[in-house]
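Number 142 marks the last residue of the sequence shown (the UniProt record's numbering); no jumps.
See structure below.
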Amino acid sequence: MFQGTSVLAMDAKGRTAVPTRFRDALAAQCAGQLTLVKSPEGCLKLYPQPIWLELRARLLALPQEAAAWRRFLLGSAQDVELDAAGRFLIAPELRSFAKLQRDLKFMGVGSHFELWDAQVHADHEAATMASPMPASIAELNF
1 MFQGTSVLAM DAKGRTAVPT RFRDALAAQC AGQLTLVKSP EGCLKLYPQP
51 IWLELRARLL ALPQEAAAWR RFLLGSAQDV ELDAAGRFLI APELRSFAKL
101 QRDLKFMGVG SHFELWDAQV HADHEAATMA SPMPASIAEL NF
């Protein structure tokens, strides 16, 4: 399980690095083979390939009524591989979708990661904090 946030920089070519603290786990879990996917929340999700393959199989099994969302998710999926420096390339169309600029938030959120533009994430987090806390979260005594 991945958790925690790192602030990273993306270079002019669209490369960014996985935080060092996650690299050993990713090497063991997926040998640096990852998949980037658009998220309906406006960020990118980064899955270790075994996790993505399970999710992809579930998406493919959904009924026809889910075709548009299946297309959104599967159509945006791009396999990436960590280089020797722990970096990966984010394709221009994915960078554009998530409004990624130079400063990124790299967040471990359980079985995968989310990549946010730092300002977009700050705005999203402010909106979250301004909304009522769902009962399911409040019941956890937060």
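C-beta: ideal position from N, C-alpha, C; glycine also.
(1) According to DSSP, simplified to helix, strand and coil, what is residue 144?
(2) Along the alpha helix (DSSP H) that carries Val18, what are the first and last residues, could you check?
(3) May I ask you to report which of helix, strand or coil DSSP gives Met129?
(4) Considering only their Cβ atoms, is the gap separating Phe88 from Leu36 smaller than 9 angstroms?
(5) Taking C-alpha atoms, which residue in Ala135, Thr20, Leu100 and Pro134 lies nearest to Ala122?
(6) When you compare only the Cα positions, how much space is there between Ala85 and Ala91?
(7) Ignore the nearest five residues each way along the sequence and tell me which others in Tyr47's own chain have a CB closer than 6 angstroms to its CB.
(8) Which of helix, strand or coil does DSSP assign to Pro92?
(9) Pick out whichever of Leu8, Leu73, Gly32 and Ala28 has its Cα sitting closest to the Cα of Arg56.
(10) Counting only runs that start and end within the stretch 21 to 58, where is the beta strand (DSSP E) found for 3 or more residues in a row?
(11) Verify whether the separation of the beta carbon atoms of Thr16 and Gly108 is less than 9 angstroms.
(12) Could you work out which residue in Asp11, Ser39 and Pro50 is closest to Ala28 when comparing CA atoms only?
(13) Please identify the residue among Ala61, Glu93, Ala118 and Gly75 whose C-alpha is closest to the C-alpha of Lys13.
(14) Determine the burial state of Asp11: buried for a count of at least 16 other Cβ atoms within 10 Å of its Cβ, exposed for fewer.
Concretely, from the data shown:
(1) Nothing about residue 144 can be reported from this structure: the residues present for the chain run from 1 to 142 only.
(2) No alpha helix (DSSP H) contains Val18, which DSSP labels as neither H nor E.
(3) helix
(4) yes
(5) Leu100
(6) 18 angstroms
(7) Thr35 and His112
(8) helix
(9) Leu73
(10) 33 to 38 and 44 to 48
(11) no
(12) Pro50
(13) Glu93
(14) exposed
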